[in-house]
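Engineer: Structure in C-alpha cells, see below.
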Amino acid sequence: MATDRIVGIDLGTTNSLVAFMQGESPVVIPGEDGLNLVPSVVALDERDQIIVGNAARKYLIETPERAVYSIKRLMGRGLEDIQEELQLFPFRLAEDLHAGEVLRITLGKKTFTPPEISAFILRQLKRNAERFFNAPVNKAVITVPAYFNDAQRQATKDAGRIAGLEVLRLVNEPTAASLAYGLDKKQNGIVAVYDLGGGTFDISILKLHDGIFEVIATNGDTHLGGDDIDNLLIKIAIDDILGDANLDVSRNSEVVATIRKAVIETKIALSSESATEMDIELPQGKRYQREITREQFEQLIQPIIDRTVGPCKQALKDAGLKPAQIDEVVLVGGSTRIPKVRALVEELFQRKPHTDLNPDEVVALGAAVQANILGGGSEATENMLLLDVTPLSLGIEVAGGVTDKIILRNSTIPASATQYYTTQIDGQANVAIHVLQGERELAKDCRSLARFDLKGIPPMTAGMARIEVKFLIDANGILHVSAREQRSGKESEIEVQPSYGLTDDQVENMILDSFDFAEEDFRRRQVIEARNEADTILAALEKGKKSPAWGQLTSDEKKKIAKLEKALVQTKGEDDYSAIRTAIDLLNQGTMRLAELMMDTAVGTALKGKNMDEADMGEGTETGHPVARADFE
Ligand code: ADP
Ligand code: MG
4 MATDRIVGID LGTTNSLVAF MQGESPVVIP GEDGLNLVPS VVALDERDQI IVGNAARKYL
64 IETPERAVYS IKRLMGRGLE DIQEELQLFP FRLAEDLHAG EVLRITLGKK TFTPPEISAF
124 ILRQLKRNAE RFFNAPVNKA VITVPAYFND AQRQATKDAG RIAGLEVLRL VNEPTAASLA
184 YGLDKKQNGI VAVYDLGGGT FDISILKLHD GIFEVIATNG DTHLGGDDID NLLIKIAIDD
244 ILGDANLDVS RNSEVVATIR KAVIETKIAL SSESATEMDI ELPQGKRYQR EITREQFEQL
304 IQPIIDRTVG PCKQALKDAG LKPAQIDEVV LVGGSTRIPK VRALVEELFQ RKPHTDLNPD
364 EVVALGAAVQ ANILGGGSEA TENMLLLDVT PLSLGIEVAG GVTDKIILRN STIPASATQY
424 YTTQIDGQAN VAIHVLQGER ELAKDCRSLA RFDLKGIPPM TAGMARIEVK FLIDANGILH
484 VSAREQRSGK ESEIEVQPSY GLTDDQVENM ILDSFDFAEE DFRRRQVIEA RNEADTILAA
544 LEKGKKSPAW GQLTSDEKKK IAKLEKALVQ TKGEDDYSAI RTAIDLLNQG TMRLAELMMD
604 TAVGTALKGK NMDEADMGEG TETGHPVARA DFE
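Residue 279 in the working numbering sits at position 276 of the sequence shown; the count goes up by one each step and never skips.
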C-alpha cells in the first residue's frame, strides 16, 4: 500500500481528468457525477462560490460574465501574446490590466489569474481523488503540451501549488500517452502521437531508445479541434433553419446553445453509427429535423481534418524521418474517436494507430504511470528516465541587441549548456544578462524571459573578463541560469521567473485566498450532502408509509412523523446545513419505531440514520465508489 498517493492529472483545454495506479494498471477516478471527464469550465455563482466542470457549463450560456473556459490558452502568457485568443474566445479581461502584468480574468465582480482558475479545476480533481480514496491527496504529476514554454510550465506548477498540490513533475502529454500504452517496454522505436482534442491539435514525434523517451519534434495548430467541427455543423443548422423555417436564430444564444448540444450528440453518434437524426425544438413551435449520414458528415469535416496533415509532415521533416520509419502511432484527444480521423492517421503514417485506451483518458492514465514511477511503486519502470525536448531555443542578448543561443530548440531535457563571454568596456563592473527564448536573431524579436545583473566585477580592460553563463533546464522544463566571472569568482544566478509568471509572494497569497474559497466550497458541499441525505430519508419514509409497518403505528405517531417530515422538507430548501442536519436527526428519532418495525429492509437501514452511501446501495441506486474503495485501500 502506497503511503503517500500520487495522482496523475491531465489539465486539458476542454476536459481535465485525474488518474492513479491501481495495481499494475492506471485507472481514471470519476467525479461525484460518475463521469471521468471534468470539463475545464469554471464559474462563480451568485453567492460568489466557485463551480467547476459540468455544473459550471450552464453559466457559460446563462451568465457568461460569470464563467470561463479554455483558460489553458492564457496560462503563462501576457497581454501581447493573446490578441488572437481574445478575437476567438470570450475571455473577459480585468479592465485595469497593463502590459507586462500577469493577466486577470473577470468572473462576476472578482478577478482571477489563469493559474488561479486552473487551480480551481485542479482542486476539483484533487477533491474527486480524496473522495475516492477517503484520504488526503497532496502530490501530483501534471501533464502539459510538449510545446509549452518556460512561462507556461511555471504557470502550471503555480496552479498546482495554489490548489494545494505538490507538483512532483510536469510531463509532456505525448510522453504520457506513450507511457499509458507501455511503449517504453518496447525499448527502441519511433512513436508518433497524434492529439486532436477540443480546440487544439498537436503532433509529436518521440524516439524511444533503451526504454527512454525523447521528444524529437513537435508541431500542431493551436486553433484546430472538435470545436471547429461543432461550429461548422452549427452554421449549417442555422442556415438550414433560416432557409426552411424562415427563422434567424443566429443571435439567440439559448437556441444556439441547444443546437450546439444537438450537433455534439450527432457528431458523437456518428463515430459509432452510420446515420443519425438531428431533431431540435425551435421557438414559435417550430422544429429542425435532419438526417445526417456518416458519409455526409465525413465530407463536411474533411477540410477540417485535412488541416492536420501539414503539421504532421512538418514534424516528420523536422525529425528527419519518412512516414515508413514510424513504428508506433498513438491517438490522443476525443476527436480521434472519429473513424475518418483514424483512417487519415493510418494513411499518413502507414500504420494502424493504437486505439485500445480511450483517447481522451490516455494522457491522464500515462500521468498516473509516471506518478507511480516517481513514487517508487513500479519495479519494471523504476529506472526509466523520461526525456523531453525544449520547444524553443534559449539564449541571452549580446552586444548589439543580438540573440546568442545557448540551448537549441528541440534539445533533449534535462539539458545544460555553458557559453563564455567577456566585457565590452574597460573597467566594466556589471554585466546585464537578458535571458531570451525564440528562434529570431534579434533580441527584440524573441520573448524576454528574465533579466539579471552579474555585479561587482573588479576593474579589468575590456575583453579580459571571462564570464561563464550556464543554462540548465530541469526535468520539468524549467530554466535555471547562472553567470560567473571566473577570474574574480563573482557569481549570480536565478531560476527564471518568466515575465508573465507570478512571484512567490503572489503564489503564497493565492494559496491563502484559495483557503478562503475552500471554506466556502466546504460549506456548500455540506449543504449539498445534507440535502442528499434528507432526500434519501424522505424517499425511505415514502416507502415506509406504503409498508405494512406503517399500519402498526398509532395515529399520534403518524401525526408526529408528518410534522417532522414537513419541517425537513422546508429546511431542505434553505442554505443552512446544520438546520437540515437537525431536521434529519429529528425525523430519524421520530421514525425510530417505524424503522424498528421494518428492520429487515433497506428502508429501515436508511431510516435508522445509516450513512447515505449504505442506504443508497440498499436501494440499488448507482453509486459505484464505495465498492471500489474497499478494493483500493
Ligand atoms: P482537450 O484535450 O482539448 O481537453 P479532449 O481530448 O477531451 O479535449 O477532446 C474533446 C473533444 O473531443 C470535444 O470536441 C468532443 O466533442 C470530442 N469528442 C469526444 N468524444 C467524441 C466522439 N465519440 N466522436 C467525436 N468527437 C468526440
Ligand atoms: Mg488533451
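Built from N, CA and C at the ideal position, the CB exists for glycine as well.
Return the chain-ordered ranges of every alpha helix (DSSP H) run that is complete within the stretch 266-345 and spans a minimum of 4 residues.
Structural biologist: The stretch 266-345 contains these whole alpha helix (DSSP H) runs: 297-309 and 312-322.
Engineer: How far does the alpha helix (DSSP H) with residue 159 in it extend, from its first residue to its last?
Structural biologist: Taking the sequence shown and counting its residues from 1, the one referred to as residue 159 is at position 156. From DSSP, the alpha helix (DSSP H) with residue 159 extends over 153-165.
Engineer: Check each candidate in 486, 541, 70 and 598 and name the one with the smallest Cα separation from residue 498.
Structural biologist: On the sequence shown, residue 498 is found 495 positions in, with the first residue counted as 1. If we check each option's Cα against that of residue 498, 486 comes out closest.
Engineer: Got a sec, what are the start and stop residues for the alpha helix (DSSP H) residue 57 sits in?
Structural biologist: Indexing the sequence shown from 1 puts residue 57 at position 54. Start and end: 57-65.
Engineer: Is it buried or exposed, residue 174, if we count other Cβ atoms within 10 angstroms and call 16 or more buried?
Structural biologist: Locating residue 174 in the sequence shown gives position 171, where the first residue counts as 1. Residue 174 should be labelled buried.
Engineer: Once the 5 residues before and after residue 13 are set aside, which same chain residues still bring their CB inside 7 Å of it?
Structural biologist: Residue 13 sits at position 10 when you count from the first residue of the sequence shown. Closer than 7 Å at the Cβ level, and outside the excluded window around residue 13, lie 19, 20, 146, 366, 367 and 370.
Engineer: Measuring CA to CA, which of 90, 374 and 33 is closest to residue 26?
Structural biologist: Residue mapping note: residue 26 aligns to position 23 of the sequence shown, counting from 1. Nearest C-alpha to residue 26: 374.
Engineer: Note down, in chain order, each residue of its chain lying with its Cβ closer than 6 Å to the Cβ of residue 494, except the 5 sequence neighbours on either side.
Structural biologist: Taking the sequence shown and counting its residues from 1, one reaches residue 494 at position 491. The residues are 487.
Engineer: Identify every run of the beta strand (DSSP E) within the stretch 178-228, keeping only runs that are complete inside it and at least 3 residues long; order them along the chain.
Structural biologist: 192-199, 204-212 and 215-224
Engineer: Exposed or buried, what is residue 148 when buried is set at 16 or more other beta-carbons lying within 10 Å of its beta-carbon?
Structural biologist: Along the sequence shown, one-based indexing puts residue 148 at 145. So residue 148 ends up on the buried side.
Engineer: Give the list of continuous beta strand (DSSP E) stretches no shorter than 3 residues that lie fully inside the stretch 446-471.
Structural biologist: 450-457
Engineer: Return the CA-CA distance between residue 290 and residue 284, expressed in angstroms with no decimal places.
Structural biologist: Taking the sequence shown and counting its residues from 1, the one referred to as residue 290 is at position 287. Taking the sequence shown and counting its residues from 1, the one referred to as residue 284 is at position 281. Roughly 5 Å separates the two Cα atoms.
Engineer: Under 9 Å between the Cβ atoms of residue 423 and residue 471?
Structural biologist: As a first step, residue 423 must be located in the sequence shown, where it is residue number 420. As a first step, residue 471 must be located in the sequence shown, where it is residue number 468. A contact, by the Cβ cut-off of 9 Å.
Engineer: For the alpha helix (DSSP H) holding residue 124, just list the boundary residues, first then last.
Structural biologist: Position 121 of the sequence shown holds residue 124. Boundaries of the alpha helix (DSSP H) around residue 124: 117-136.
Engineer: With DSSP collapsed to three states, give me the class of residue 355.
Structural biologist: Translated into the one-based positions of the sequence shown, residue 355 becomes position 352. Note: residue 355 maps to coil in three-state DSSP.
Engineer: Relative to the C-alpha of residue 155, which candidate in 75, 111 and 234 has its C-alpha closest?
Structural biologist: In the sequence shown, counting from the first residue as 1, residue 155 sits at position 152. The option with the nearest alpha carbon to residue 155 is 75.
Engineer: Please report the Cβ distance between residue 143 and residue 10, rounded to the nearest whole angstrom; I am assuming they are in contact, meaning their Cβ atoms lie under 8 Å.
Structural biologist: Taking the sequence shown and counting its residues from 1, one reaches residue 143 at position 140. Taking the sequence shown and counting its residues from 1, one reaches residue 10 at position 7. Contact flag correct, Cβ pair sits at about 5 Å.
Engineer: Look up residue 15 in the DSSP assignment and say whether it is helix, strand or coil.
Structural biologist: Position 12 of the sequence shown, counted from the first residue, corresponds to residue 15. Here residue 15 sits in coil by DSSP.
Engineer: What does the alpha-carbon distance come out to for the pair residue 384 and residue 477?
Structural biologist: The sequence position of residue 384 within the sequence shown is 381, counting from 1. The sequence position of residue 477 within the sequence shown is 474, counting from 1. Caution is warranted here: a pLDDT of 47 is assigned to residue 384, below 50, making its placement in the model unreliable, and the coordinate value is therefore given only provisionally. Distance between the alpha carbons of residue 384 and residue 477 is about 20 Å.
Engineer: With a threshold of 9 Å between beta-carbons, can residue 236 be considered close to chain D, or not?
Structural biologist: Protein chain content of the structure displayed is limited to a single chain, and chain D is not contained in it.
Engineer: Might you give, ordered along the chain, the residues of its own chain that have their beta carbon closer than 6 Å to the beta carbon of residue 219, omitting 5 neighbours on each side?
Structural biologist: Within the sequence shown, numbered from 1, the residue matching residue 219 stands at position 216. Excluding sequence neighbours, residue 219 sits near 208, 210 and 322.
Engineer: Just curious, the alpha helix (DSSP H) that residue 398 is in, first and last residue?
Structural biologist: Here residue 398 corresponds to residue number 395 of the sequence shown, with the count starting at 1. Segment 397-401 is the beta strand (DSSP E) holding residue 398; no alpha helix (DSSP H) there.
Engineer: Beta-carbon within less than 8 Å of residue 224's beta-carbon, same chain only, minus the 5 sequence neighbours each way: which residues are those?
Structural biologist: Mapped onto the sequence shown, residue 224 falls at position 221. 203, 204, 310, 311 and 314.
Engineer: DSSP beta-bridge partners for residue 494?
Structural biologist: Counted from its first residue, the sequence shown places residue 494 at position 491. DSSP output for residue 494 lists 487 as bridge partner(s).
Engineer: Quick one, which of 150, 396, 57 and 107 has its alpha-carbon nearest residue 452's?
Structural biologist: For the purposes of this step, residue 452 is taken as the residue at position 449 of the sequence shown. When each option's Cα is compared against that of residue 452, the closest is 396.
Engineer: Tell me whether residue 677 counts as near the ligand MG, meaning its Cβ is closer than 8 Å to at least one heavy atom of that ligand.
Structural biologist: What the structure shows of the chain is the stretch from 4 to 636, and residue 677 is not part of that stretch, so it cannot be assessed.
Engineer: Can you determine whether any heavy atom of the ligand MG sits closer than 8 Å to the C-beta of residue 335, and answer yes or no?
Structural biologist: Counting from 1 along the sequence shown, the entry for residue 335 is found at position 332. Checking the Cβ of residue 335 against the ligand MG gives yes.
Engineer: In or out: residue 238 buried (at least 16 other Cβ within 10 Å) or exposed?
Structural biologist: Reading the sequence shown from its first residue, position 235 is the one you call residue 238. By the neighbour-count criterion, in which 16 or more other beta carbons inside 10 Å mark a residue as buried, residue 238 falls on the exposed side.
Engineer: Which of helix, strand or coil does DSSP assign to residue 473?
Structural biologist: In the sequence shown, the residue the question calls residue 473 occupies position 470. Looking at residue 473 - three-state DSSP - the assignment turns out to be strand.
Engineer: List the residues that DSSP assigns as beta-bridge partners of residue 646.
Structural biologist: In the structure displayed, the chain extends from 4 to 636; residue 646 sits before or after that span and is not available.
Engineer: Using the three-state DSSP reduction, which class does residue 580 fall into: helix, strand or coil?
Structural biologist: As a first step, residue 580 is located in the sequence shown; it is residue number 577 there, counting from the start. Of the three classes helix, strand and coil, the one that applies to residue 580 here is helix, per DSSP.
Engineer: With a cut-off of 5 Å, give the chain-ordered residues whose Cβ is closer than this to any heavy atom of the ligand MG.
Structural biologist: Here the residues come out as 15 and 200.
Engineer: Taking residue 564 as the reference, which of 206, 588 and 582 has the closest Cα?
Structural biologist: The count along the sequence shown starts at 1 and reaches residue 564 at position 561. Comparing Cα positions, the closest option is 588.
Engineer: Taking the alpha-carbon positions, what's the residue 586 to residue 47 distance?
Structural biologist: Taking the first residue of the sequence shown as position 1, residue 586 is located at position 583. Taking the first residue of the sequence shown as position 1, residue 47 is located at position 44. Rounded to the nearest angstrom, the two C-alpha atoms are 30 Å apart.
Engineer: Just to check, is the beta-carbon of residue 224 closer than 8 Å to a non-hydrogen atom of the ligand SAH?
Structural biologist: As far as ligands go, the structure on display features the ligand ADP and the ligand MG and does not contain the ligand SAH.
Engineer: If I measure Cβ to Cβ from residue 7 and keep anything under 8 Å in the same chain, skipping five residues before and after, which residues do I get?
Structural biologist: For the purposes of this step, residue 7 is taken as the residue at position 4 of the sequence shown. Hits under 8 Å: 141, 142 and 378.
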